[in-house]
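Student: Can you read through this structure? Questions will come right after.
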Amino acid sequence: MTTPVNAEVVRIRHRVCGEHPGEISLDVAKIILSQHAGHGEHCLQFLGALNRASVVCGEAAVTSLLRHSRPGRREEYGQEV
Ligand SMILES: [Zn+2]
């Protein structure tokens, strides 16, 4: 049996963008995603929640994207590969 999630408690507990959300349920991840939407790539709450939500598909999509990114892609940003 799962305990219902109190959205207000989640918003307070996960309000700081610079902190990683840690181990969270899918329901908590959904709340964090809505709370931190648009904060950008430096929001650890959003990235952690996105990673948790993508696990539903079998593998973390963020991890998968990083693994399958094109090898030469970094050259586009002026960095050596
Ligand atoms: Zn944020």
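In terms of the working numbering, the sequence shown is residues 8 to 88.
C-beta atoms are modelled at their ideal positions from N, C-alpha and C, and glycine is treated no differently.
Would you tell me roughly how many angstroms separate the C-alpha atoms of H27 and T10, rounded to the nearest one?
Tutor: Cα-Cα distance, rounded: 22 Å.
Student: Look at the alpha carbon of R18 and the alpha carbon of E30, and state the distance between them as a whole number of angstroms.
Tutor: Looking at the two C-alpha atoms, the distance is approximately 15 Å.
Student: Cα separation between Q42 and V62?
Tutor: Cα to Cα, the separation comes out at about 20 Å.
Student: Taking the C-alpha atoms as reference points, what is the distance between G55 and G45?
Tutor: G55 and G45: Cα-Cα distance of roughly 14 Å.
Student: Grab the span of the alpha helix (DSSP H) containing A36 for me, first residue to last.
Tutor: Residues L33 to H43.
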